[in-house]
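Participant: At position 382 of the sequence shown (counting the first as 1) the number is 379 in the numbering used here, and the numbers step up by one without a gap.
Don't be surprised by glycine CBs; every beta carbon is placed ideally from N, CA and C.
Here the structure is a predicted model, which is why all the values come from computation and not from measurement.
Pasting a structure here, questions to come.
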Amino acid sequence: MQRTNSMRRKAMARQHKAEVMIAGEQLRLRLHDGKLIKDRRYHLRTYPNCFVAQELIDWLVSHKEASDRATAVCLMQHLMDHDIVHHVCDKRSMFKDAKLLYRFRKDDGTFPFNTEVKIFIRGQRLYEHLIMDKNSILQLREEHGVTYQRSFPGCQFIDWLLQNGEAESRRQGLELCRALQENGIIQHVGKKHDFFDSGLLYQFCINFRRRRRLSELLNENEQDNDEGVVVSTHEDNHHDSPFVVRKSPPQEQNSAFHSGKKKKNTKNSVTSGRRGSLNSLQLHSSGFPPLAPLPSTSVVRCNPKSVLKRNFTCDELLAPGAPFIKNVLTVIGDALGWGFVVRGASPCYVQAVDPGSPAAAAGVKVQQFVCQVNGQCVLDLDYRTVSRLVMTGPRIVVLEVLEPLE
């Protein structure tokens, strides 16, 4: 009993961290959309993707996210304490209502992708996949006379994980589910049992799609999450995730990390989505990666001619005086993917960009060489590995690229 209570307290603490991450991410996307986050110059140096603290405080108050400036500062300090934002030079640990530059860690690749964060991201993807599934196992179900919304039997969830390539065995599926429970992502509907491969009912503790108000972060008296008991709101049933900035209609066909217009019954096409993958990797219909690549024959059929004027080695790219300029780009993926194609054995480069995609909006261009993905050096990796890094990582991708000088 004592162990169960201890695990529950840990799960609640991790759940609160997850709520902070979601609220911070929703704020970041809104600020990008409102152009408050942009490249700024200070003392002859350009700081990419940052915001002015004073301007942000103005925005929070005017948008009713905070009742006054002092409260707004407290909210941003809470985000700093949870490694969501930081001072551009990391010289300050306190958030000041002043003309100082701060940045979201997801915008510069310094966000700490530890085990907890990876499990959170995995849980979010599973939730999105289940919500979009036409025959979703998330249904109105009853246990001991109480009806629970969007609940699922443990055994059916493991069946679903196996069918969708999220687990290779029931044991692996069980381990994943228990990790999700320990991190406050899912729970037994009555909060009485650990996760078992049985008919016991479970549900997601976190509604990833609910719009958060920043003021919720200051409420330290976390209430038990009883929203599973038949209580449904219009917002809960909304099909647009707060992580999707561009409201594109969901595709029934596969959509992925790629470029190209939709084609009808094209034999040589890997996928019929608007941004069908041109490499050997492909996503499920709701945008989540399978564990195994598709047959390599797909690559041979639709691998276009390289856009490079000449090939470069990694040493040539990094040599002093090389004709390249380094840029850091943040690509916010939408429901259809990111909208660009990479090619090359090593180093890999951008082969194609969908003109109307998030990649194009972020400044991704053909012939750029990819140096880093979310802070990880990828110069020595081939395009398949880089593609997998993008598709299995967060929806927001921070790229460091080398762009040829004209």
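Starting from the N-terminal side, write out each stretch of the beta strand (DSSP E) that is 3 residues or longer and does not extend beyond the stretch 145 to 215.
Facilitator: Complete beta strand (DSSP E) runs here, min 3: 183 to 185, 198 to 201.
Participant: State the Cα-Cα distance for the pair residue 204 and residue 329, rounded to the nearest angstrom.
Facilitator: Rounded to the nearest angstrom, the two C-alpha atoms are 21 Å apart.
Participant: For residue 86, does the count of other Cβ atoms within 10 angstroms reach 16, so buried, or fall short, so exposed?
Facilitator: Its Cβ having fewer than 16 others within 10 Å, residue 86 is exposed.
Participant: Could you tell me the alpha carbon to alpha carbon distance between residue 377 and residue 386, rounded to whole angstroms?
Facilitator: Approximately 13 Å, taken between the alpha carbons.
Participant: Between the alpha carbons of residue 211 and residue 30, how many angstroms are there, rounded?
Facilitator: Using only the alpha carbons, I get a separation of about 17 Å.
Participant: Hey, could you find the ends of the alpha helix (DSSP H) residue 58 is sitting in?
Facilitator: Here the alpha helix (DSSP H) through residue 58 covers 50 to 59.
Participant: Cβ atoms of residue 337 and residue 319: under 8 Å apart, would you say?
Facilitator: Result no, Cβ atoms of residue 319 and residue 337 do not sit closer than 8 Å.
Participant: Let me confirm a value: residue 384 is counted as buried when at least 16 other C-beta atoms fall within 10 Å, else exposed. Which label applies?
Facilitator: By the neighbour-count rule (16 or more Cβ atoms within 10 Å), residue 384 is buried.
Participant: Helix, strand or coil for residue 386? Go by DSSP, reduced to three states.
Facilitator: Helix at residue 386.
Participant: Is residue 89 helix, strand or coil by DSSP?
Facilitator: Coil, per DSSP.
Participant: For residue 259, does the three-state DSSP call read helix, strand or coil?
Facilitator: Bear in mind that a pLDDT of 39 at residue 259, under 50, signals an unreliable position, so the number given afterwards is only what the model happens to contain. If DSSP states are grouped into helix, strand and coil, residue 259 belongs with coil.
Participant: In chain order, which continuous runs of the alpha helix (DSSP H) of length 4 or greater are located wholly inside the stretch 314 to 392?
Facilitator: Within the stretch 314 to 392, the complete alpha helix (DSSP H) runs of at least 4 residues are 355 to 359, 380 to 389.
Participant: Tell me where the beta strand (DSSP E) around residue 36 begins and ends.
Facilitator: Unbroken beta strand (DSSP E) run through residue 36: 35 to 39.
Participant: Rounding to the nearest angstrom, what Cα-Cα distance links residue 76 and residue 307 in this structure?
Facilitator: Cα to Cα, the separation comes out at about 45 Å.
Participant: Below 8 Å between beta carbons: does that hold for residue 21 and residue 116?
Facilitator: No.
Participant: For residue 6, does the three-state DSSP call read helix, strand or coil?
Facilitator: If DSSP states are grouped into helix, strand and coil, residue 6 belongs with the helices.
Participant: To the nearest angstrom, how far is it from the Cα of residue 357 to the Cα of residue 73?
Facilitator: For residue 357 and residue 73, the distance between alpha carbons rounds to 30 Å.
Participant: For residue 141, does the three-state DSSP call read helix, strand or coil?
Facilitator: In the structure shown, residue 141 sits in coil (DSSP, three-state: anything other than H, G, I, E or B).
Participant: Could you give the distance in angstroms between the alpha-carbon of residue 173 and the alpha-carbon of residue 164?
Facilitator: One C-alpha to the other measures close to 8 Å.
Participant: Given this structure, state the Cα-to-Cα distance separating residue 209 from residue 63, to the nearest angstrom.
Facilitator: C-alpha separation (whole angstroms): 13 Å.
Participant: How many Å lie between residue 381 and residue 141 at the Cα?
Facilitator: Cα to Cα, the separation comes out at about 49 Å.
Participant: Going by beta carbon distance, what residues of the same chain come within less than 7 Å of residue 58, once the five residues before and after it are set aside?
Facilitator: The answer, listed in chain order, is 65, 66, 69.
Participant: With DSSP as the reference, label residue 75 as helix, strand or coil.
Facilitator: Three-state DSSP puts residue 75 in a helix.
Participant: From which residue to which residue does the beta strand (DSSP E) around residue 82 run?
Facilitator: First-last of the beta strand (DSSP E) with residue 82: 82 to 84.
Participant: Could you say which of 126, 113, 105, 399 lies nearest to residue 34 if we only look at CA atoms?
Facilitator: Checking every option, the nearest Cα to that of residue 34 belongs to 105.
Participant: Taking the C-alpha atoms as reference points, what is the distance between residue 310 and residue 397?
Facilitator: Rounded to the nearest angstrom, the two C-alpha atoms are 17 Å apart.
Participant: May I ask you to list the residues that DSSP assigns as paired with residue 399?
Facilitator: DSSP output for residue 399 lists 323, 366 as bridge partner(s).
Participant: For residue 394, which three-state DSSP category applies?
Facilitator: In this structure, residue 394 counts as strand in the three-state DSSP scheme.
Participant: Contact defined as beta carbons within less than 8 Å: I believe residue 171 pairs with residue 185. What is the distance between those atoms, to the nearest angstrom?
Facilitator: Not really, about 14 Å apart at Cβ, beyond 8 Å.
Participant: What residue from 393, 102, 39, 202 has the CA that sits closest to residue 8's CA?
Facilitator: Ranking the options by Cα distance to residue 8, first place goes to 202.
Participant: Using a Cβ-Cβ cutoff of less than 8 Å, which residues in the same chain neighbour residue 360 once the five nearest sequence positions on both sides are dropped?
Facilitator: Excluding sequence neighbours, residue 360 sits near 324, 326.
Participant: For residue 352, count neighbouring Cβ atoms within 10 angstroms of its own Cβ and tell me buried if that reaches 16, exposed if not.
Facilitator: Under this definition residue 352 is an exposed residue.
Participant: Can you say whether residue 331 is buried or exposed, counting buried as having 16 or more other CB atoms within 10 angstroms of its CB?
Facilitator: So residue 331 ends up on the buried side.
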